[in-house]
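Undergrad: Taking my numbering, I'd label the letters of the sequence shown as residues 2 to 258.
Positions of the beta carbon are idealized from the N, C-alpha and C atoms, including for glycine.
From a predicted model like this one, the values you see are computed outputs, not experimental measurements.
Before anything else, here's the structure in question.
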Amino acid sequence: MRRREFIRLAGSVSVFVPFGLIAAKAGVTGEVRVLASTAIKTALEALAPQFENAAGQKLLVTYGASGRLKPEIENGRAFDLAILSASVADALIKDGKLVAATRLDIARSGAGVAVRKGSPKRDVSTIESLRRVLLEAKSVGYSETGATGQFLLAMFARLGIADDMKPKLKLSQPGKTSLQALADGEIDLNIPQISEALVAPGVDLLGPLPPALQVYTVLPAAVATSAANAHGAKALLDFLRTPAAVSVLKAKGLEPG
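Structural data, given as structure tokens:
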């Protein structure tokens, strides 16, 4: 069983803290370089100060679509911990870029329907209502590298509207996300991960996809095989499993593990 320590916070109650955090705080200081999916950005930004205070480690995080970060890792980018989609993480483990024994599912993110801020509120809670909204949209944002985009065409086919939707699909421009294009009025509708849409400026989330169509993107974390600060990376893994971290994940539209 993983060793844990019993400590008392000043002016508070006694709590259990993962031993890895205490060890990092006591013996190792430095920087933890993280490559992370944008789906977990707002949660990690909120959690960073807590981790840095508990572990004595500075977080340096680069965010992006998992499919865009993967080639950077394959080309030798230096990092200590990756938090990416399951398919990308597993491929990198197979290629020897991530340590399989450290792989831990941190959270999962569902997909929703987003429109430009101020657009009419539409019902997307049922398959039929979603189908109507999609057919009435003039354009739908699409990213070939985003985890959500990977199942978009399959969903259209399941709804029986693949031929109708194909001319409406608009790929995001290099360096610009579909949510940014939506906010700028370049597209009418987008189907992003809920955690991203909730905080995107200029965007309103109509709601999650209907349960029968919902697909979750699992976000595992794993330590880099070439990590310069593997100790700090493992301390971050410990921290992301604490009740405090889980609470923040939920508040940011993510479901734990």
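How do the region 224-236 and the region 162-177 stand: do at least 3 beta-carbon pairs fall below 8 Å, yes or no?
TA: In short, these stretches do not touch, since the Cβ pair count stays below three.
Undergrad: Applying the criterion that 16 or more other CB atoms from any shown protein chain within 10 Å of the CB defines a buried residue, is Arg34 buried or exposed?
TA: Under this definition Arg34 is a buried residue.
Undergrad: What are the complete alpha helix (DSSP H) segments, minimum 4 residues, inside the region 63-122?
TA: As far as the region 63-122 is concerned, its whole alpha helix (DSSP H) runs of at least 4 residues are 67-75, 87-95.
Undergrad: Between the beta-carbon of Ala40 and the beta-carbon of Ser248, is there less than 8 Å?
TA: Going by C-beta atoms, Ala40 is not nearer than 8 Å to Ser248.
Undergrad: Should the region 67-75 be called in touch with the region 92-102, which here means at least 3 C-beta pairs below 8 Å?
TA: Contact between the region 67-75 and the region 92-102 is present, because at least three Cβ pairs lie under 8 Å.
Undergrad: How many angstroms separate the CA atom of Val204 from the CA atom of Val114?
TA: Going by the C-alpha atoms only, they are around 10 Å apart.
Undergrad: To the nearest angstrom, how far is the alpha carbon of Ala56 from that of Asp189?
TA: Near 44 Å, if we compare the C-alpha coordinates of Asp189 and Ala56.
Undergrad: Could you give the distance in angstroms between the alpha-carbon of Glu256 and the alpha-carbon of Ala108?
TA: Going from the Cα of Glu256 to the Cα of Ala108 covers about 5 Å.
Undergrad: State the CB to CB distance for the pair Leu1 and Pro211, rounded to an integer number of angstroms; the pair is presumed to be in contact (CB under 8 Å).
TA: No statement about residue 1 is possible, as the shown extent of the chain runs from 2 to 258 and does not include it.
Undergrad: Measure the alpha-carbon distance for Leu82 versus Ala90 and round it to whole angstroms.
TA: Using only the alpha carbons, I get a separation of about 11 Å.
Undergrad: Answer yes or no: do Phe80 and Ala236 have a C-beta to C-beta separation smaller than 8 Å?
TA: No, the pair does not count as a contact, with Cβ atoms beyond the cut-off.
Undergrad: Please give the ranges of any alpha helix (DSSP H) in the region 151-176, keeping only runs that are unbroken, at least 4 residues long and fully inside the region.
TA: DSSP runs (the alpha helix (DSSP H)) wholly in the region 151-176: 153-160, 163-166.
Undergrad: In the DSSP output, which residue or residues are listed as bridge partners for Val35?
TA: DSSP, once it has assigned bridges, lists Val62, Leu82 as partnering Val35.
Undergrad: Would you mind working out which of Gly258, Ala252, Pro221 sits nearest Thr103, comparing C-alpha positions?
TA: When each option's Cα is compared against that of Thr103, the closest is Pro221.
Undergrad: Leaving out five residues before and five after Gln215 in sequence, what residues of the same chain have Cβ atoms less than 8 Å from its Cβ?
TA: Same-chain partners within the cutoff: Gly111, Ala112, Pro209.
Undergrad: Helix or strand or just coil, what does DSSP make of Ala225?
TA: It is a strand residue.
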